[in-house]
Amino acid sequence: AQTVTQSQPEMSVQEAETVTLSCTYDTSENNYYLFWYKQPPSRQMILVIRQEAYKQQNATENRFSVNFQKAAKSFSLKISDSQLGDTAMYFCAFIRGSRSGGGADGLTFGKGTHLIIQP
Amino acid sequence: EAGVVQSPRYKIIEKKQPVAFWCNPISGHNTLYWYRQNLGQGPELLIRYENEEAVDDSQLPKDRFSAERLKGVDSTLKIQPAELGDSAVYLCASSLSSPSGFYNEQFFGPGTRLTVL
């Protein structure tokens with residue numbers, strides 16, 4: 069079974085600052101994917117960024133980037149130039165690679181980090 | 004393109020009453036997921052469908068929960084009877100799974116917030 073741990077229940081930074089959210093995971097799988105999801109008060113889960121375990125290069129999406137340390141099983145999210153709209157719950161999630169024959173497991177989520185961007 | 008649709012958005016019931024949630028996935032998506040999200044927690048998978056077949060329902064409390072996905076499109080999740088501990092947000096997600104093994108994104112609906120009094 070896989071586990072995902074987010075050790076920061078809440079973080080607060082000033083607008084335009086850079087913030088890093090931490091995530092560690094445990095798995096015996098070698099083929100897997102990691103994600104960061106954003107959940108605003110509307111409850112809609114929005115995919116922020118994804119990382120394939122077989123890729124050594126860290127994923128980047130505009131102001132969002134990850135630091136993927138496979139050996140340490142660490143997957144942190146860095147938000148640069150933070151904006152008020154970034155205020156939300158952020159969840160780290162894991163899924164093992166699909167086996168032959170199709171289909172995909174459900175995502176395993178951490179408990180989340182409540183990020184507050186102060187004006 | 005329309006996203007994953009769920010209804011109702013909110014539901015308040017008294018314990019021991021039945022309740023049902025409905026999900027319409029993104030058109031063409033063959034895989035459908037139901038997750039439960041307790042307050043202050045991340046979502047947890049309840050059941051996964053590949054077309055109309057439930058392929059992973061190991062986390063579904065089968066004594067009171069049931070689900071169906073007729074014709075491999077819409078899905079309904081039912082609780083009967085509801086207990087106080089069932090208060091949570093119930094999220095539906097869908098994806099297009101392929102035999103290639105490549106992971107395709109799960110798209111989430113807005114969820115149904117259930118309050119059991």
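In the order they appear, the protein sequences are chains H and X.
To convert, take the position in the first sequence, counting from 1, and add 68; that gives this note's numbering.
To convert, take the position in the second sequence, counting from 1, and add 3; that gives this note's numbering.
A virtual CB, placed ideally from N, CA and C, is assigned to each residue, including glycine.
Output the distance between the C-alpha atoms of residue i and residue j, rounded to the nearest integer angstrom.
i	j	result
S144 (chain H)	K138 (chain H)	11 angstroms
Q76 (chain H)	A121 (chain H)	23 angstroms
S148 (chain H)	M113 (chain H)	21 angstroms
R131 (chain H)	V8 (chain X)	29 angstroms
E108 (chain X)	R116 (chain X)	23 angstroms
A69 (chain H)	G165 (chain H)	14 angstroms
E17 (chain X)	L94 (chain X)	21 angstroms
S30 (chain X)	Y38 (chain X)	20 angstroms
T17 (chain H)	K141 (chain H)	No answer is possible for residue 17 (chain H): it lies beyond the span of chain H, which begins at 69 and ends at 187.
Does the beta-carbon distance from residue i to residue j come in below 8 angstroms?
i	j	result
P46 (chain X)	R67 (chain X)	no
R72 (chain X)	D59 (chain X)	no
Y158 (chain H)	T181 (chain H)	yes
L152 (chain H)	A161 (chain H)	no
K81 (chain X)	P21 (chain X)	yes
Considering only C-alpha positions, which residue in the set the options is nearest to residue i?
i	options	result
S98 (chain X)	X:N54, X:S10, X:Q9, X:R12	X:N54
W25 (chain X)	X:E17, X:P113, X:S90	X:P113
K19 (chain X)	X:G43, X:D89, X:V8	X:D89
E56 (chain X)	X:P64, X:Y36, X:Q62, X:Q44	X:Y36
L48 (chain X)	X:A70, X:I15, X:V8, X:P11	X:A70
G6 (chain X)	X:A96, X:I82, X:Y52	X:A96
Q62 (chain X)	X:K74, X:K14, X:Q40, X:V119	X:Q40
T79 (chain X)	X:A23, X:P64, X:T118	X:A23
T34 (chain X)	X:G43, X:V92, X:S101, X:V119	X:S101
S96 (chain H)	H:Y105, H:T71, H:S80	H:T71
For residue i, write down the residues that DSSP places opposite it in a beta bridge.
i	result
K106 (chain H)	H:I114, H:Y158
T86 (chain H)	Per DSSP, none; premise fails for T86 (chain H).
N27 (chain X)	X:V8
S69 (chain X)	X:K81
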